[in-house]
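From first to last, the protein sequence lines are chains E and Y. Each residue of the first sequence is one higher than the last, beginning at 1 in the working numbering. Each residue of the second sequence is one higher than the last, beginning at 1001 in the working numbering. First comes the structure, then the notes that go with it.
Number of protein chains: 2
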Amino acid sequence: MKHKSFSEGIYLKTTTNIPHWLTKQASLHPNKVAIELVDGTCITFLQLKQKSEHFAKQLANLHIEKETRVAILSSNHIDMIIAIHALSYLEAMVVLLNTRLTTRELTYQLTQSNAALLLTTKSLQQEKKLAFSNQITFFRVKSMCIKDVSLANDINLDAPFTMMYTSGTTGAPKGVVHTYGNHWWSAVGSVLNLGLHADDKWLLTLPLFHVGGLSILIRSVMYGMTVFFIEEYSITAVKHALFERKVTIASLVTLMLQQLLDKNDENLLPGHVRCILLGGGSVPEPLLRKVEAYHVPLFQSYGMTETSSQIVTLSETYAREKLGSSGKPLLPANIKIHQADHNGVGEIIVKGPMVFHGYDQLPEENERAFSDGWFHTGDLGYIDDDGFLYVVDRRTDLIISGGENIYPSEIEQVLLDYPHVKDVAVVGQGDSKWGAIPVAFVVTEKEANEADLLEFARQHLASYKVPRRIVFTETLPRNAANKVMRHRLAEELNNNKNNT
Amino acid sequence: MKHKSFSEGIYLKTTTNIPHWLTKQASLHPNKVAIELVDGTCITFLQLKQKSEHFAKQLANLHIEKETRVAILSSNHIDMIIAIHALSYLEAMVVLLNTRLTTRELTYQLTQSNAALLLTTKSLQQEKKLAFSNQITFFRVKSMCIKDVSLANDINLDAPFTMMYTSGTTGAPKGVVHTYGNHWWSAVGSVLNLGLHADDKWLLTLPLFHVGGLSILIRSVMYGMTVFFIEEYSITAVKHALFERKVTIASLVTLMLQQLLDKNDENLLPGHVRCILLGGGSVPEPLLRKVEAYHVPLFQSYGMTETSSQIVTLSETYAREKLGSSGKPLLPANIKIHQADHNGVGEIIVKGPMVFHGYDQLPEENERAFSDGWFHTGDLGYIDDDGFLYVVDRRTDLIISGGENIYPSEIEQVLLDYPHVKDVAVVGQGDSKWGAIPVAFVVTEKEANEADLLEFARQHLASYKVPRRIVFTETLPRNAANKVMRHRLAEELNNNKNNT
């Protein structure tokens, strides 16, 4: 029997549009608090919309149009939130820059991204002294007249919204483009996992220039949910948020959780805290034991910039039974182990509508990174019989230190530029405070001085990337393909540490 | 400055795929109850997946392939749920038939839909005596061997999933095709409005062949949420579900809510009931007063088959302040009033990813129904200054009786076939039990007998569509364009009723 096709006479859509999320929340919940600050300031969804629209119309003086790329260099601040929403009203693309980067690193990203404008603060302007010509402070924009332009009513989920840089095994930072749809699906995956309560209030203290922070902001305007916004991180502020300000969900990195439990010897977390979402690096066992003792509702997760934040999450239910696992992929996501060895360990590959569509202007890199819609993370892991993911090694050599990603190759490139340095390998050494710290193994032609070499690194690298220590050595261990076996060095380092 | 386009070297997706939702829930929550029955039977997500896969492999014997159209004629029954999921594993399209329709009506829909197979029950087979050749009972299928076919791992959100018929102003039923994406977005819109709690349990007692019932089933597999499934509606069963079985959300029609509150003079609803979602027709004022007195957490809503259930919902917060309003459009949706008159009243048009893409094989009808992505509902309404929708008139002449839609023109066509009937107009008369009941105004050439005419109607129409009363009249009121002014007749009817 022949069946009529679905497309016969059916109105076919090409893209998916939804009403602008902030406009929508301002309509649905005008008086609900969108952003609550430590000092007690509360900004409702209606106010946030009005401020963002106003700022958009001020920005419009600067020739920002649809798909214009605008870089933001700012630490967490309410102005930054308003700017992000404002740029979405202009349908511009937001390039988020990490404030901890050096002038050299920032210049590279500004140039690579083709940013037409840099929005920043006075203090960062003075600190970074960027040669970039078209830069302006939030303060200056706010003093401008408004220009009467029409703002976006809708969001096209296929349109690009944000870009942030991530380094890779090759060392050169790559721009990860997130569409509105990537963010949307990430937030939907999260709500189907964690649920949504009318009184939910999500703690935002991770940097907005990382996807972990930005994704909280976007969930807020999608869910109509209050964000408790700590502009300047301190453990005191986090405790205040959890204990006094009725925060129900908090996204933390391991370092923060450690600090929280260190200073929390007497009080259990209050009952209204229903989820501590943990990203960024593995959790040391002593910390997990504390989590258990204090009944912390911990949700470990696995994700990266390319997956628009968490893509695999371990729910509280399985926290003990599946210790060390990152959990199962969120509803819209799929994971597989690629080319598993006899132990089942292989590369983790991921698929789903929250996975980004490619690095900016790097067609060859994208060709390598995707196959049949699956993104190759470069991380190693295995999936147990019950379907739980265990990450064995992050991106082969990735070092996660205090929530920041450090790519060894990027540091190696810098050190190789130093006179008489012949060979370099950077590896992570386990650290009870930071999770891991970078250590450099260096082979030189002539004797070299550790302090000079570190000083040189400091000039070219963000401080968290500067090796804590240089180990001078005769040769580096290499495999048959002449590739440095960083894991061999890491083992050596971590064994020595344990022995001393 | 020229900006590089986003698409340069970016991996472009064409469709959005997600893992099959039931397979996913069976992985995430294998032992969580998916379906709970009145008799205490509980079916977990893992069991539901296994049963559905098994049934799919039995159905595979019947040459069901991707996009094969399979009709289901069944009252609410667990077999029907399994069949719907099974057909999605085969990527077939499910045509849902209303059990209350006559043999003639069902035959029309079976033919129109190009169904390759009819799945039904023994009792409905005996009752309807359909001439359709390729029909089989659930029971027969369950006795078959399984065929080893590969089942769908993914769901393509752009693929058609279900079809159900709705009548229109022209009288001929039209097949409303829902893609997986339509259902998905409808469920996302709902979760962002109502939230999601770990202990949520949704009462399903509306027929699965209507979108109001079907959408609950789909939310269940998307949210990983338990459905309390009443196969045979009774107010006793509903009370039992709400009071004894910890149901937290219930979708009801006005008639059911009325019955619930009638028999509920002593007990308030228990605290775990956090939402009564009400669709289908306006709520009489005395009922609203009871809702207030009993503190019922009522969410009134507006929606239709074409919008995959609710698209506008009034939250509890505004229930009193905005009495009579249907609320505001859900997050992914937009509404507008088309060609408003001086009072702001015009046709309600809607847009959003939960809105269907067209009627099956009716290109001209679709041409009329859509403009620039907006679907013209045919309903009249206005939006107040705060953005709340008030529905003034459902599809000009639609009569909603006990949750069923009745289209006057469909009844009129039937009555005009009776000898000596010259002219007919059917209108709704307000009814305290059913909301509204159909009444026919008939002009005949010769004197006719009411009983004979009603008997004729009963032979051709589902019983709920049969007029409760015939009013013989000399002429029908017509406007300048010679269109019957049904509203004039309705006014007459409802005034007379109030006067007597």
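Beta carbons are placed, not taken as given, at the ideal position from N, Cα and C, and that holds for glycine.
key: Nearest residue (CA-CA) to residue 1089 of chain Y, options Y/1117, Y/1080, Y/1056 and Y/1104   = Y/1056
request  = Consider the Cβ of residue 197 of chain E: report whether some Cβ of chain Y lies at a distance smaller than 7 Å.
outcome  = yes
ask   = Hey, out of Y/1425, Y/1262, Y/1129 and Y/1025, whose CA is closest to residue 1224 of chain Y's CA?
value = Y/1025
ask   = Residues of chain Y with a CB under 7 Å from the CB of residue 503 of chain E: which are they?
value = As shown, chain E starts at 1 and ends at 500. That puts residue 503 of chain E outside it, with no answer to give.
key: 7 Å CB neighbourhood of residue 316 of chain E in its chain, flanking five on each side removed   = 297, 298 and 299
Alpha carbon of residue 125 of chain E to alpha carbon of residue 184 of chain E, nearest angstrom = 33 Å
query = DSSP state of residue 163 of chain E, grouped into three classes?
reply = strand
ask   = Using a Cβ cut-off of 7 Å, which residues of the region 316-332 of chain E contact any Cβ in chain Y, in chain order?
value = 328, 331 and 332
message = I'd like to know if residue 59 of chain E contacts chain Y, where contact means its C-beta is closer than 7 Å to some C-beta of that chain.
response = no
query = Would you say residue 1246 of chain Y faces chain E, with C-beta separation under 7 Å as the test?
reply = no
ask   = For residue 1027 of chain Y, which option in Y/1242, Y/1221, Y/1139 and Y/1373 has the closest C-alpha, if you only look at C-alpha atoms?
value = Y/1221
inquiry  = Looking at the strands, I want to know which residues DSSP matches up with residue 1346 of chain Y.
reply    = Y/1381
ask   = So, is the C-beta of residue 1028 of chain Y closer than 7 Å to a C-beta in chain E?
value = yes
key: Beta-ladder partner(s) of residue 1299 of chain Y, from DSSP   = Y/1277
request  = Measure the C-alpha to C-alpha separation of residue 419 of chain E and residue 427 of chain E and round it to an integer number of angstroms.
outcome  = 21 Å
query = Which chain E residues are close to residue 1094 of chain Y, counting only those with a beta carbon under 7 Å from its beta carbon?
reply = None at all; the shortest Cβ gap to chain E is about 13 Å.
ask   = My guess is that residue 288 of chain E and residue 254 of chain E are in contact by the Cβ rule of under 8 Å, so how many angstroms apart are they, rounded?
value = Going by Cβ atoms, the distance from residue 288 of chain E to residue 254 of chain E rounds to 10 Å, so no, they are not a contact pair.
ask   = Any idea if residue 1020 of chain Y is buried or exposed, counting beta-carbon neighbours within 10 angstroms, 16 or more meaning buried?
value = buried
query = Helix, strand or coil for residue 431 of chain E per DSSP?
reply = strand
query = Hey, is residue 94 of chain E close to the ligand HEM, as in C-beta under 6 Å from one of its heavy atoms?
reply = Ligands in the displayed structure: none, and consequently the ligand HEM is not present.
task = Just tell me which of E/460, E/203 and E/468 has its CA closest to the CA of residue 128 of chain E.
result = E/460
key: Segment contact, 8 Å Cβ cut-off, at least three pairs: the region 1355-1375 of chain Y with the region 1305-1316 of chain Y   = yes
message = For the structure I just gave you, are there three or more beta carbon pairs, one from the region 102-119 of chain E and one from the region 143-150 of chain E, closer than 8 Å?
response = no
message = So residue 297 of chain E contacts chain Y; which residues on that side make the cut at Cβ distance below 7 Å?
response = Per Cβ cutoff of 7 Å: no residues; residue 297 of chain E is ~11 Å from chain Y at best.
request  = List the residues of chain Y that residue 192 of chain E touches, going by C-beta distances under 8 Å, in chain order.
outcome  = 1191, 1196, 1222, 1223 and 1224
inquiry  = Could you compute how far the alpha carbon of residue 30 of chain E sits from the alpha carbon of residue 49 of chain E?
reply    = 9 Å
inquiry  = Which same chain residues end up closer than 6 Å to residue 229 of chain E when comparing Cβ atoms and leaving out the 5 residues on each side of it in sequence?
reply    = 35, 37 and 204
message = Rounded to whole angstroms, what is the Cα-Cα separation between residue 336 of chain E and residue 32 of chain E?
response = 41 Å
request  = State buried or exposed for residue 1402 of chain Y, treating a residue as buried only when at least 16 other CB atoms are found within 10 Å of its CB.
outcome  = buried
inquiry  = When you compare the CB positions of residue 1081 of chain Y and residue 1051 of chain Y, do they come within less than 7 Å of one another, or not?
reply    = no
inquiry  = In the DSSP assignment, the alpha helix (DSSP H) including residue 1256 of chain Y goes from what residue to what residue?
reply    = 1254-1262
inquiry  = Once the 5 residues before and after residue 1191 of chain Y are set aside, which same chain residues still bring their CB inside 7 Å of it?
reply    = 1223
task = Starting from the Cα of residue 1155 of chain Y, find the closest Cα among Y/1107, Y/1164 and Y/1092 and give me that residue.
result = Y/1092
request  = Excluding the 5 residues preceding and the 5 following residue 442 of chain E in the sequence, name in chain order all residues of the same chain whose CB lies nearer than 8 Å to its CB.
outcome  = 415, 421, 423, 424, 448, 453, 470, 471, 472 and 473
query = Closer than 7 Å, CB to CB, is residue 1291 of chain Y near chain E or not?
reply = no
query = Is the Cβ of residue 1 of chain E closer than 7 Å to any Cβ of chain Y?
reply = A caution first: residue 1 of chain E carries a pLDDT of 32, below 50, which makes its placement in the model unreliable, though a value can still be read off. Yes, because at least one Cβ of chain Y sits closer than 7 Å to the Cβ of residue 1 of chain E.
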